[in-house]
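Here is the structure we will look at, set down as structure tokens.
2 protein chains.
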Amino acid sequence: MANKVTLKQIAQEVGLSPSSVSLVLNNRPCRISEENRKLIKEVAARNHYVPNQIARSLVMRESRTLGLIVPNIESRFFASLAGSLEKRCREDGYALFITSSGGSADDDLELLRQLVTRGVDGVFLVVGDEFSDDRALREEVSHLPIPAVMVDRAIEGLECDKVMFDHEMGGYMATRYLIEQGHRRIACLVNARRSNTGRKRLAGYERALREVGLPIDARLEFESEYYIPSAYEASEAVLATDATAVFASSDNIALGLLKRLHEMGKSIPGDISVVSYDNSAADVLFEPALTAIEQDPGVLAEHAFGCMSKRLAGRGGRRAEEVVLEPELIVKDSVLELTKHN
Amino acid sequence: MANKVTLKQIAQEVGLSPSSVSLVLNNRPCRISEENRKLIKEVAARNHYVPNQIARSLVMRESRTLGLIVPNIESRFFASLAGSLEKRCREDGYALFITSSGGSADDDLELLRQLVTRGVDGVFLVVGDEFSDDRALREEVSHLPIPAVMVDRAIEGLECDKVMFDHEMGGYMATRYLIEQGHRRIACLVNARRSNTGRKRLAGYERALREVGLPIDARLEFESEYYIPSAYEASEAVLATDATAVFASSDNIALGLLKRLHEMGKSIPGDISVVSYDNSAADVLFEPALTAIEQDPGVLAEHAFGCMSKRLAGRGGRRAEEVVLEPELIVKDSVLELTKHN
DNA sequence: TCGTTGTCATCAATCGATTGCAATATACCC
DNA sequence: GGGTATATTGCAATCGATTGATGACAACGA
Chain A
4 MANKVTLKQI AQEVGLSPSS VSLVLNNRPC RISEENRKLI KEVAARNHYV
54 PNQIARSLVM RESRTLGLIV PNIESRFFAS LAGSLEKRCR EDGYALFITS
104 SGGSADDDLE LLRQLVTRGV DGVFLVVGDE FSDDRALREE VSHLPIPAVM
154 VDRAIEGLEC DKVMFDHEMG GYMATRYLIE QGHRRIACLV NARRSNTGRK
204 RLAGYERALR EVGLPIDARL EFESEYYIPS AYEASEAVLA TDATAVFASS
254 DNIALGLLKR LHEMGKSIPG DISVVSYDNS AADVLFEPAL TAIEQDPGVL
304 AEHAFGCMSK RLAGRGGRRA EEVVLEPELI VKDSVLELTK HN
Chain B
4 MANKVTLKQI AQEVGLSPSS VSLVLNNRPC RISEENRKLI KEVAARNHYV
54 PNQIARSLVM RESRTLGLIV PNIESRFFAS LAGSLEKRCR EDGYALFITS
104 SGGSADDDLE LLRQLVTRGV DGVFLVVGDE FSDDRALREE VSHLPIPAVM
154 VDRAIEGLEC DKVMFDHEMG GYMATRYLIE QGHRRIACLV NARRSNTGRK
204 RLAGYERALR EVGLPIDARL EFESEYYIPS AYEASEAVLA TDATAVFASS
254 DNIALGLLKR LHEMGKSIPG DISVVSYDNS AADVLFEPAL TAIEQDPGVL
304 AEHAFGCMSK RLAGRGGRRA EEVVLEPELI VKDSVLELTK HN
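Protein chains in written order, with my numbering: chain A, 4 to 345; chain B, 4 to 345.
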């Protein structure tokens, strides 16, 4: 292993002071003779000199590094968000410190502290969806010495920049579409118990029904965690109803549902119609392709970085900024159009 | 935004010197009265004091942070690897700085430099598979001032710790299994042009054929990138052959192939048998479930961390360590057993 | 009274950079 | 030769921690 080369060593070799070397290498306006400038640059290059960012950020009080906390990097959506965000950060010369928490508020808190003490200039937080005890986390976020942007979800009632898709609207759009296609008995499969986003999607579903005067039937609302097996379990009951369509409120939920449908020999959309959510993965795999509500992680990343960028430049307002994005309905082949009078 | 609290401030408030505070908070053996110890701890807690890791690692010459570079965090396999590795690192008190390069050697180099100058204590590299010009990267890696462990793939001919699955063996096992099931005309779909791992899997495929005296028929070897559309394109030609089975050398390649099969109304394994690779994603989705060569990212992570850990403790040998792991054949339902005499 | 021992706490250097201010050297002018 | 301007460069403090070397003070023994 090679040794780390320091400013001082370069200075020594050139025969000038560290200050001069620093000045030249950072292209600061200063009066160092052209001759020495060249010499310094040459020696620095020859020795593969790379400034120690640790030392540098100590005095500069900025690291040009940002942090991201996601609940689970193995989820497609978060991975994609992380990827987009990292690219965006790099474009502006920021490195992104990606961390994955496991979803509990305690882990989130621990990671947040780690990031802060490691000197990131700001953090993106994808936290606060699960209903765990988040008092400590909330406390920490509100006392943060650096800007924070909450992405995709939020800790309720916390004054902080937020960027997210409108989950209520997504639920509404999905259901509304099914209604327009002539469906009247529409089931839904949501994670309302443990997820804020799930609750919102459910609210959207109900709004769409109410809007056209359809009854809200508790027997058509089913609960599922955001995992395939959980949805698979729940799906049997869904299929025992007289629903002609199902709103599956996440990609994994749709996958669990579909697996069960396959097994029961049901066909889509012949036997039952399905609108999925956010199914980046399933896309290619299914016959027929799934009609779904889509949220582009790239868009989320772009806006999140925008907020952060403003704060970092000190251009953020005193009040928190809230960006709400509209998801999109992508129509494919998993919904059957029913004849009007049924 | 709250202010950062420093050691000095705590010291001031307590009325003792910064040294004393540091000593106490780090539980160093030292002679500070029990009374003052308590006082210090209390004041530190009340002020939410968290030591500045930046300053700390400057003097300690270690940051307890590790870095990871993957080609693409949006890929299931790498995301899973990153997730496992992060958990493992955290268990030992290390934070993991995950970065995603896009796959070019230039990006890899850039990220590597970033990580090093930000003071990570070691790096995990998932680089060097694509055939891009990697001279600069190779140079950098060999002069690194910190330990590096290459994971899942390697820059050829570089003296460096390596942990990876045996890709040749994987290709061999898949093909061998097909042969055992009575298949004689076995096609393969591999990324041999742009990937070292792909080449190895192809070599394994050929070895299995040779071993039982089957001809190696270039007309049965098809090329595909590691992307679904690419495999989808290539699949038509595969299906035009008289092959009774296909070895699809990556998850995405299998997905592209399956999509085309679906479209052509072919059934698995009735019309054609398939062995896939590493298909964590497809798992749940398909009827029938895919027989595949599996490599557990968690195992990779565990061994990679093991190597790193040794180096960090100075217990690594002078020579590089190479860990080669055996993948596993998971038999499911996508391969048809042919009658013996055909 | 002086020396010794023990207890409790602080000093000051250090890590590797950045930067305002001071210092030196050379040139130029009268 | 003395004085001023200008071109170059270096000093030393600073960021926030860590740590080996020291200091201050009280109690005790001879």
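Cβ atoms here follow ideal geometry from the backbone N, Cα and C, with glycine treated the same way. What you are looking at is a predicted structure, and each value in this text was computed from that prediction instead of being measured.
- Judged by DSSP secondary structure, A/Ser252 falls outside any alpha helix (DSSP H); it is assigned neither H nor E.
- For a Cβ distance threshold of 9 angstroms, nothing in chain A lies close to B/Thr244: the least Cβ distance comes to about 23 angstroms.
- In this structure A/Ser279 is in contact with A/Ala257, their Cβ atoms being roughly 4 angstroms apart against a cut-off of 8 angstroms.
- Pairwise C-beta distances place the segment 120-127 of chain A in contact with the segment 64-84 of chain A, as three or more of them are shorter than 8 angstroms.
- In the DSSP annotation of this structure, the continuous segment of the alpha helix (DSSP H) that includes A/Phe80 starts and ends at 79-94.
- Contacts between A/Val241 and chain B, judged by CB atoms closer than 7 angstroms, are missing: the closest CB pair is about 18 angstroms apart.
- Residue range 125-128 is occupied by the beta strand (DSSP E) that includes A/Gly125, with no alpha helix (DSSP H) assigned at that position.
- By the 16-neighbour rule on beta-carbons within 10 angstroms, A/His306 is buried.
- Residue pairing by DSSP places A/Cys163 in no beta bridge whatsoever.
- Contact check between the segment 144-155 of chain B and the segment 179-188 of chain B: fewer than three CB pairs, one atom from each, fall below 8 angstroms, which does not count as touching.
- Taking A/Ala323 as the centre and dropping the five residues before and after it, the same chain places the C-beta of Glu162, Cys163, Asp164, Lys165 closer than 8 angstroms to its C-beta, in chain order.
- By the Cβ-count criterion, A/Asn282 is buried, with 16 or more other Cβ atoms from all chains shown falling within 10 Å of its own Cβ.
- For A/Gln117, the nearest CB of chain B lies under 8 angstroms from its own CB, placing it at the interface with that chain.
- Within the same chain, and ignoring the five residues on either side of B/Ile231 in sequence, the residues whose Cβ sits closer than 6 angstroms to its Cβ are Asn255, Leu258, Gly259.
- Under the criterion of beta carbons closer than 8 angstroms, A/Leu341 and A/Phe168 do not qualify as touching, at roughly 29 angstroms.
- Think of a sphere of 7 angstroms around the beta carbon of A/Ile275: no beta carbon from chain B falls inside it, the nearest being about 17 angstroms out.
- The DSSP-derived three-state label of A/Val119 is helix.
- As computed with DSSP, B/Ile101 is found in a beta bridge with A/Ile101, B/Leu71.
- For B/Ala48, there is no enclosing beta strand (DSSP E); the enclosing alpha helix (DSSP H) has its first and last residue at 37-49.
- Residues Phe80, Ser83, Leu84, Ser87 of the same chain have their beta carbon placed closer than 7 angstroms to that of A/Pro300, with the five preceding and five following residues left out of the count.
- Here B/Gly201 has Val193, Asn194, Ala195, Ser252 as same chain residues with Cβ atoms under 7 angstroms from its own Cβ, once five neighbours each way along the sequence are excluded.
- In summary, B/Ser36 is exposed, with fewer than 16 beta-carbon neighbours lying within 10 Å of its beta-carbon over all protein chains present.
- Of B/Phe225, B/Tyr229, B/Val241, B/Tyr175, the smallest CA-CA separation from B/Arg213 is found for B/Tyr175.
- From the listed residues A/Asp109, A/Asn75, A/Val215, the smallest Cα separation to A/Ile101 is found for A/Asn75.
- Assignment of beta-bridge partners to B/Ile158 by DSSP yields no partner.
- Taking the Cα of B/Glu171 as reference, the smallest distance to any Cα among B/Lys269, B/Val46, B/Gly207 is reached at B/Gly207.
- Chain-ordered, the chain A residues with CB closer than 8 angstroms to the CB of B/Thr68 read Arg121.
- The beta carbon of B/Ile57 falls within 8 angstroms of a beta carbon belonging to chain A, placing the residue at that interface.
- At a C-beta separation below 7 angstroms, B/Phe100 has these neighbours in chain A: Phe100.
- Contact between A/Ile333 and A/Ala295 is confirmed by a C-beta separation of about 6 angstroms, below the 8 angstroms threshold.
- The straight-line gap separating the alpha-carbon atoms of A/Leu99 and A/Leu223 is approximately 43 angstroms.
- Going by C-alpha positions, A/Asn6 is about 34 angstroms away from B/Val8.
- The alpha carbon of A/Asn29 has as its nearest neighbour, out of A/Ser107, A/Val53, A/Gly309, the alpha carbon of A/Val53.
- Between the segment 101-113 of chain A and the segment 129-143 of chain A there are three or more C-beta pairs closer than 8 angstroms, enough to call the two in contact.
- When rounded, the separation of the alpha-carbon atoms in A/Val46 and A/Glu38 is 13 angstroms.
- Proximity of chain B to A/Ala82 at the Cβ level (cut-off 7 angstroms) is accounted for by Ile76, Glu77, Ala82, in chain order.
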